[in-house]
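Residue numbers (the numbering used here): 96 to 172.
Reviewing the structure listed below.
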Amino acid sequence: MGGSNLEVFKFGMYIMFPIAVMYYFGTNLDQRFSVQGFWPDANATHKIPHEREEILSELERMKQRRLEKKFKREEDS
96 MGGSNLEVFK
106 FGMYIMFPIA
116 VMYYFGTNLD
126 QRFSVQGFWP
136 DANATHKIPH
146 EREEILSELE
156 RMKQRRLEKK
166 FKREEDS
């Protein structure tokens, strides 16, 4: 059929093709497959309160917002 050189070549291709694909898709992932502006910057995200005063003020703000929505629903209905 083909001979030993063909078998060595086929074996080399069977081994090297998956390694080459993994190398191609595994290097420079941040540059090759990144979408600019996909993740928001730190200034545009929510900041989690850590201090007691910050937590209490955040709870008060959430309560006021919830009450405003409730009053608006009651006015509409």
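Using N, Cα and C, we set each Cβ at its ideal position, and we do this for glycine too.
For a test of the three-state rule: what should DSSP assign to residue i, helix, strand or coil?
| i | result |
| --- | --- |
| P144 | coil |
| V130 | coil |
| S99 | helix |
| N138 | helix |
| S152 | helix |
Between the Cα of residue i and those of the options, spot the shortest distance and give me the residue it belongs to.
| i | options | result |
| --- | --- | --- |
| P144 | W134, F106, E155, T122 | E155 |
| F128 | W134, F120, P135 | F120 |
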